[in-house]
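For reference, the structure is listed below as C-alpha cells.
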Amino acid sequence: MKVNFTNIASYPAPLRLIIFLFFLLILWIPVAIPLSSLLNNDKNLTIIVIMGVLYLEFVCLLFFWHKTIYNVKKWWQTYGFNFNKKNAIELLNGLSTGLLLIFGLFILEASLGWVSLLNSSENLTRIVFEGLLSSLGIALAEELFFRGWLLEELKRDYSTINSALFNGIIYAILHFLKPIEEIIRTFPQFPALVLLGLTLVLAKSVNSNRLGICIGLHGGLVWGYYIFNVGKLLNYTEKVSPLITGIDNNPMAGVMGLIFLGMLSFWFWEKYKSNNICS
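FYI, in numbering that gives the first Met the number 0 the residues of the sequence shown are 0 to 278.
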C-alpha cells in the first residue's frame with residue numbers, strides 16, 4: 000500500500016512534530032545502540048559520536064520531510080538559513096551583542112562586589128578561539144532545530160507570538176530533561192530559557208526571518224560564558240545568593256541574567272511592534 004505523505008501537511012502542528020521526531024528516532028536508535036556498545040569505554044566520545052549521528056540524520060530527514068510533505072526542495076531557505084551577506088552580517092552582529100551582554104553582566108557584578116575578576120593562568124588566546132568554535136557549533140545545531148524546523152512548523156498553524164511562546168516553552172523543557180532533584184535545584188534557569196527562546200524568535204522576526212541573528216546571539220552568549228568559565232576569570236565572592244548571580248555560576252540561572260535577557264527581549268519586542276505598525 001502506497002503511503003500518501005502529503006496528507007501529513009494538513010495535520011495539526013503537535014501531530015506533525017510527533018511524526019517527525021518518531022521518524023528521527025527510528026533512524027537514530029538502530030545506529031545509536033551499537034555505537035554505544037562499541038564506544039562504551041569512553042563516555043564523552045560516545046556522546047559526541049551518537050549526537051553527531053543524530054544531527055546528521057536530522058538534517059537528512061529535513062530533505063525528505065520538505066520534499067515529500069511540502070514539495071519544497073530548498074528547506075534551508077524556508078528556515079532563513081541562506082548563505083548570503085545579510086545573514087553573515089546579522090550573525091556577526093548577534094555574536095558581538097551576545098558577547099557584550101555577558102561581559103556587561105559580569106562587569107556590573109564585579110562593580111557591585113559580587114564577583115572578582117581574575118588574571119587567567121590559562122592560555123586565554125586558545126580558550127577564546129576554542130570557545131568561538133564550540134559556541135558557534137552549539138548555536139548552529141540548536142538554532143537550526145529550534146528556531147528553524149520547530150519554529151516554522153509551529154508558524155504553519157499559529158501566529159508569530161503564539162509560536163514564539165510555544166517555542167520558548169518547548170526549548171526550556173527539552174533543556175530540563177534531567178533527574179527531578181536537578182530540575183528543582185536548577186529551576187531558576189527555566190524562565191531564562193523560556194525568555195531566551197522568545198527573544199531569539201523575535202530577533203529572527205525583525206530580521207526578515209533570517210536565522211543568522213539567532214545563531215549569532217546564541218553563540219555570543221555561550222562564547223562569553225565559555226571565556227569566563229573555562230578561562231577561570233571569575234571568583235564569586237558569595238556576598239549575595241546564587242539565586243542572584245546564577246545557580247552553579249551560570250549567569251542565565253539567576254536574577255541578574257534574567258534582567259539582562261529581559262532588556263534584550265524588550266529591545267527586540269519594541270522593534271517587532273515597530274515593524275508591525277509600519278507594515
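Here a beta-carbon is modelled for each residue, glycine too, at the ideal position from N, C-alpha and C.
Measure the alpha-carbon distance for residue i versus residue j and round it to whole angstroms.
{"i": "residue 25", "j": "residue 50", "result": "15 Å"}
{"i": "residue 156", "j": "residue 146", "result": "15 Å"}
{"i": "residue 183", "j": "residue 9", "result": "39 Å"}
{"i": "residue 114", "j": "residue 244", "result": "9 Å"}
{"i": "residue 133", "j": "residue 222", "result": "8 Å"}
{"i": "residue 0", "j": "residue 253", "result": "Note that residue 0 has pLDDT 47, beneath the 50 cutoff, so the model's placement of it is unreliable and the number below is only indicative. About 55 Å."}
{"i": "residue 179", "j": "residue 11", "result": "31 Å"}
{"i": "residue 161", "j": "residue 202", "result": "15 Å"}
{"i": "residue 31", "j": "residue 46", "result": "10 Å"}
{"i": "residue 110", "j": "residue 135", "result": "30 Å"}
{"i": "residue 271", "j": "residue 210", "result": "16 Å"}
{"i": "residue 228", "j": "residue 275", "result": "40 Å"}
{"i": "residue 35", "j": "residue 144", "result": "24 Å"}
{"i": "residue 4", "j": "residue 238", "result": "59 Å"}
{"i": "residue 106", "j": "residue 256", "result": "13 Å"}
{"i": "residue 268", "j": "residue 40", "result": "48 Å"}
{"i": "residue 70", "j": "residue 79", "result": "17 Å"}
{"i": "residue 7", "j": "residue 174", "result": "28 Å"}
{"i": "residue 13", "j": "residue 21", "result": "12 Å"}
Under 7 Å Cβ to Cβ from residue i, same chain only, skipping five residues before and after it: list those, please.
{"i": "residue 23", "result": "56, 57, 60"}
{"i": "residue 117", "result": "231, 232, 233, 234"}
{"i": "residue 131", "result": "222"}
{"i": "residue 66", "result": "72"}
{"i": "residue 112", "result": "236, 238"}
Could you please give the first and the last residue of the uninterrupted alpha helix (DSSP H) stretch that includes residue i?
{"i": "residue 86", "result": "84-110"}
{"i": "residue 205", "result": "Counting along the chain, residue 205 falls outside any alpha helix (DSSP H), and DSSP gives it neither H nor E."}
{"i": "residue 66", "result": "42-68"}
{"i": "residue 8", "result": "Premise fails: residue 8 is in no alpha helix (DSSP H) and is neither H nor E."}
{"i": "residue 154", "result": "150-154"}
{"i": "residue 124", "result": "123-142"}
{"i": "residue 77", "result": "74-77"}
{"i": "residue 161", "result": "159-173"}
{"i": "residue 244", "result": "241-244"}
{"i": "residue 184", "result": "179-184"}
Determine which residues share a DSSP beta bridge with residue i and list them.
{"i": "residue 233", "result": "116"}
Could you tell me whether the Cβ atoms of residue i and residue j are closer together than 9 Å?
{"i": "residue 149", "j": "residue 169", "result": "yes"}
{"i": "residue 190", "j": "residue 224", "result": "no"}
{"i": "residue 264", "j": "residue 194", "result": "yes"}
{"i": "residue 74", "j": "residue 82", "result": "no"}
{"i": "residue 217", "j": "residue 101", "result": "no"}
{"i": "residue 247", "j": "residue 198", "result": "no"}
{"i": "residue 219", "j": "residue 96", "result": "yes"}
At a cut-off of 8 Å, would you count residue i as near the ligand MG, judging by its Cβ distance to the nearest heavy atom?
{"i": "residue 270", "result": "With respect to the ligand MG, the structure offers nothing, as it holds no ligand at all."}
Grab me the residues of residue i's own chain with a C-beta within less than 8 Å of its C-beta, minus the 5 sequence neighbours each way, in chain order.
{"i": "residue 119", "result": "126, 230, 231, 232"}
{"i": "residue 91", "result": "215"}
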